[in-house]
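Counting with UniProt numbering, you get residues 1 to 295 for the letters of the sequence shown. Even glycine gets a Cβ: it sits at the ideal position worked out from N, Cα and C. As the structure is a computational prediction, the values presented were derived from the model and not from experiment. Heads up, the thing below is written out as structure tokens.
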Amino acid sequence: MRLEWLEDILAVAETGSLAEAAERRHLSPSAFSRRIQLIENYVGVELFDRSRKPVQLHPVAADYRDRMVELAGALRHLRDDLQRGARLSSNRLVLASQHALTAALTPSLIQSIQQRHPQAYVRLRSANLDECFGLLLSGQADIALAYRVPGEEHPIQADFIEAVEIGRDRLIPVLGMNTPAAASDEVGVVAYPADVFFGQVMQRHVLPRLEEGPRYVPRVETALTLAALELAIEGIGIAWVPASLARAAVAEGRVADLSDQLPGCELSVTAVRLAGQGGEICTSIWSHFMGLVAT
Numbered sequence: 001m002r003l004e005w006l007e008d009i010l011a012v013a014e015t016g017s018l019a020e021a022a023e024r025r026h027l028s029p030s031a032f033s034r035r036i037q038l039i040e041n042y043v044g045v046e047l048f049d050r051s052r053k054p055v056q057l058h059p060v061a062a063d064y065r066d067r068m069v070e071l072a073g074a075l076r077h078l079r080d081d082l083q084r085g086a087r088l089s090s091n092r093l094v095l096a097s098q099h100a101l102t103a104a105l106t107p108s109l110i111q112s113i114q115q116r117h118p119q120a121y122v123r124l125r126s127a128n129l130d131e132c133f134g135l136l137l138s139g140q141a142d143i144a145l146a147y148r149v150p151g152e153e154h155p156i157q158a159d160f161i162e163a164v165e166i167g168r169d170r171l172i173p174v175l176g177m178n179t180p181a182a183a184s185d186e187v188g189v190v191a192y193p194a195d196v197f198f199g200q201v202m203q204r205h206v207l208p209r210l211e212e213g214p215r216y217v218p219r220v221e222t223a224l225t226l227a228a229l230e231l232a233i234e235g236i237g238i239a240w241v242p243a244s245l246a247r248a249a250v251a252e253g254r255v256a257d258l259s260d261q262l263p264g265c266e267l268s269v270t271a272v273r274l275a276g277q278g279g280e281i282c283t284s285i286w287s288h289f290m291g292l293v294a295t
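Structure below.
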């Protein structure tokens, strides 16, 4: 049964008058009477005792009044939820963000998106680099945010991929300020697994540039830059982390930036999407990203 029909029946039951119910339902008395007759024909039951004043539900209908109230409320909630869902869907932007970016740069990016689009509903999915691209290629994300080393080829080479640089960062060496000096020629470091992005960056761009002398010995391995930073703060070893992630800890004196002593690596922050894909908000945000390049 339609929600409006239930509301018609309940309006008569609450007012005791077809005329007053018609006014409440914003219909003329004749149009409202025809609709009540249509409802009764549909259910095959006379719902109202019109011989009594005020008009009352017949006992068989009165027994179901509470159920009709409950059902009408449930249908209203369903309607509202569907409408809300449609609004969220049209304003939704799904970002797949590399873990290191999620903790440092992505929050400010989301803030700028919502300043441009106050109605935007952003779903943030944090993942490693390969998972970010997997979410993008499977249509589960509108835009992927990831680090690259400037000058290196994009990991996905295809005509259906668009990529744009939206910022710069740097992988820097840090160590807890209160870390005691090494008692030997061994220097502890926080290592990344060889199969993750920063592990590959370390292997190709940082470790080969370490000067001969002390031996840099892995003390612990983690794939998470945020964990690497915390391990460095605790003095476990030197960690190479994005400068954006370490900025607050350096400013607060919890870690020292060792960039003047040890090599680092420049990083490019890139946004990636499937060419020509995405809704209105995604298209607008992408145009904004392209504008960043132009400026």
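Next item on the list: Measure the Cβ-Cβ separation of V269 and H205 and say whether it is below 8 Å.
Entry: The answer is no: Cβ separation not under 8 Å.
Item checked: Exposed unless 16 or more other CB atoms sit within 10 angstroms - verdict on S244 -> By the neighbour-count rule (16 or more Cβ atoms within 10 Å), S244 is buried.
Next item on the list: Rank D80, L145, L210 by C-alpha distance to the C-alpha of L267 and give the top, closest one.
Entry: Ranking D80, L145, L210 by Cα distance to L267 puts L145 first.
Notebook entry, point to check: How about the region 50 to 68 and the region 193 to 209: do they share at least three Cβ pairs that are nearer than 8 Å?
Noted result: Counting Cβ pairs under 8 Å, fewer than three are found: no touch.
Next item on the list: Please classify G276: is it buried, with 16 or more other beta-carbons within 10 angstroms of its beta-carbon, or exposed?
Entry: Around the Cβ of G276, a 10 Å sphere holds fewer than 16 other Cβ atoms; the residue is exposed.
Checklist line | C-alpha gap between R24 and F289, whole angstroms | finding: Looking at the two C-alpha atoms, the distance is approximately 52 Å.
Check: By DSSP, does E153 sit in helix, in strand, or in coil?
Finding: Judged by DSSP in its simplified three-state form, E153 adopts coil rather than helix or strand.
Next item on the list: Can you grab the Cα-Cα spacing for the pair L124 / L135, in whole Å?
Entry: Whole-angstrom Cα-Cα distance: 12 Å.
Item checked: I238 beta carbon less than 8 Å from that of I220 -> A quick correction: the sequence has Val, not Ile, at residue 220. Not a contact, by the Cβ cut-off of 8 Å.
Notebook entry, point to check: Mind checking if P193 is an interface residue toward chain B, Cβ cutoff 8 Å exclusive?
Noted result: Looking at the structure shown, chain B is missing, and only one protein chain is on hand.
Checklist line | Terminal residues of the alpha helix (DSSP H) in which S97 lies | finding: Looking at the DSSP string, S97 is not in any alpha helix (DSSP H); the run it does join, the beta strand (DSSP E), is 92 to 98.
Item checked: Contact belief for W240 with P173 at Cβ below 8 Å, rounded distance in angstroms -> Indeed they touch by this definition, with Cβ atoms about 5 Å apart.
Check: DSSP state of P218, grouped into three classes?
Finding: Looking at P218 - three-state DSSP - the assignment turns out to be strand.
Item checked: Own chain partners of L6 with C-beta closer than 8 Å, once the 5 adjacent residues on each side are dropped -> M68, L71, A72, L75.
Next item on the list: Spatial neighbours of D185 within its chain, please: CB distance less than 7 Å, with the 5 preceding and 5 following residues excluded, ordered by chain position.
Entry: Taking C-beta separations shorter than 7 Å and ignoring five residues to either side along the sequence, the partners of D185 in its chain run P214, R215, following chain order.
Notebook entry, point to check: What are the boundary residues of the alpha helix (DSSP H) that includes P29?
Noted result: 29 to 43 is the span of the alpha helix (DSSP H), which, as asked, contains P29.
Next item on the list: To the nearest angstrom, report how far apart A246 and Q261 are at their CA atoms.
Entry: Straight-line spacing of the CA atoms in A246 and Q261 works out to 17 Å.
Notebook entry, point to check: Skipping 5 residues on each side, what residues in its chain have a beta carbon closer than 6 Å to that of H154?
Noted result: Counting only Cβ-Cβ distances below 6 Å, and skipping sequence neighbours, we find A163.
Checklist line | Close Cβ partners of I39 (< 6 Å) along its chain, the five nearest in sequence each way excluded | finding: Excluding residues within five positions, the ones whose Cβ falls inside 6 Å are W5.
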